[in-house]
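Residue numbers (the UniProt record's numbering): 1 to 444.
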């Protein structure tokens with residue numbers, strides 16, 4: 001249970017200031033969409049609202065103990081670090097990952113304005129707008145937590161640190177969000193205590209995520225008239241047969257892992273096509289080239305580096321034995337034309353934004369505190385894992401941070417049209433945070 005002293009001091013999440021702040025944040029979302037180069041977010045807009053909310057109880061004004069720092073690596077795109085100082089050196093609990101950018105939204109596809117906070121008729125429980133679940137709802141939530149600490153000034157041994165970040169929704173630009181903060185050593189003190197990444201959903205601990213490898217398999221054959229199929233190398237047939245063989249080898253080399261049951265992953269590692277492209281042509285032309293693209297979702301017990309190496313090995317092996325290692329389709333289908341000294345060819349490439357999955361430390365004090373707090377406040381605890389991918393947190397784990405993840409939006413509206421969250425879920429998240437801090441305080 002949360003210690004009576006802390007619980008009484010900070011109380012519960014106050015609806016009016018939370019909703020008022022969230023309305024300001026959602027009102028900025030048209031300029032927070034992250035899809036460069038067309039849409040470059042201006043996280044400074046959110047950062048300023050956070051600063052405005054917290055400065056009255058900060059050392060900047062003398063009105064409170066909060067130490068507030070704004071860190072920018074490029075114009076208009078800031079991070080904010082907020083610290084409520086504790087009395088015992090090295091005792092820290094941190095809430096990180098509340099990002100100030102959002103995924104794009106098309107107003108023509110929504111039932112309500114995505115760029116303003118609205119309610120569902122008389123239902124004030126449902127808070128609607130882009131970013132309510134991911135992740136501006138969490139920005140407003142943790143801001144309110146830090147404001148309460150700064151206003152009420154409870155005596156804590158632990159320093160409580162919140163880190164609001166830029167640039168979570170796109171990995172084509174690097175070094176300006178949490179990765180920049182880590183590189184500069186600005187988060188080093190967070191390594192001495194649990195770090196809670198607040199950017200998942202459904203009020204339960206998310207203990208595992210998947211890695212992601214985007215791939216493109218290009219097949220090159222020989223374009224020719226479809227009435228003279230014996231003189232063509234059909235790139236589409238080559239690509240389909242090659243992909244089936246590559247998938248077969250992938251599932252043999254990376255089968256379901258024994259730890260996936262422990263972490264309650266919904267699926268094992270998967271490799272599947274999701275897009276098909278070719279230069280175009282008539283129905284009477286056998287295409288000379290085409291590309292199948294897709295992704296691999298990899299549970300964190302396998303190395304993405306090894307998978308990339310193995311896929312390249314598969315392709316090299318197939319290129320060296322197209323005559324014997326791939327089936328053909330029909331009496332004149334072939335991938336080698338000896339009389340013309342022509343061979344089909346496969347090439348595989350990978351996008352630069354390969355991500356590694358995460359398996360949280362189930363023995364850590366942070367995980368234990370999160371589970372106990374969740375059971376206390378939500379009424380039950382059911383940790384889960386998904387092969388969806390969260391950027392950045394594996395890198396934090398590799399740097400020595402004890403990363404645990406949670407969130408209080410709704411998974412069913414994550415990145416979706418008509419996004420919303422529930423105030424009652426956010427209110428429970430506030431109480432979970434208070435319980436976590438209280439449990440850690442009792443350890444000292």
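All C-beta atoms, glycine included, are put in the ideal place defined by N, C-alpha and C. All values reported here derive from a predicted model rather than from experimental measurement.
Check	Outcome
Cβ-Cβ distance between residue 399 and residue 182 below 7 Å	yes
Given residue 42 as reference, the closest of 63, 24, 57, 76 once Cα atoms are compared	76
Residue 5 versus residue 151 - alpha carbon distance	15 Å
Local conformation of residue 166 per DSSP, three classes	coil
Proximity to residue 382 [Cα-Cα], best of 121, 35, 265	265
Closest by C-alpha distance to residue 258, when choosing among 129, 250, 269	269
Through-space distance from residue 93 to residue 158, alpha-carbon basis	7 Å
CB contact flag (residue 291, residue 277, <7 Å)	yes
Cα-Cα separation between residue 372 and residue 19, rounded to whole angstroms	28 Å
Contact check, residue 180 vs residue 355, beta carbons under 7 Å	no
Residue nearest to residue 106 in terms of C-alpha spacing, selected from 413, 33, 387, 302	33
Secondary structure of residue 388, DSSP reduced to three states	coil
As assigned by DSSP and simplified to three states, the class of residue 186	coil
Cβ pair count under 8 Å reaching 3, the stretch 71-88 against the stretch 386-393	no
Other residues of its chain near residue 27: CB distance less than 8 Å, five sequence neighbours each side excluded	115, 116, 117
C-alpha distance - residue 397 paired with residue 338, whole-angstrom precision	53 Å
Residue burial classification, residue 15 (beta-carbon count within 10 angstroms, cutoff 16)	exposed
Euclidean distance between Cα positions of residue 293 and residue 66	49 Å
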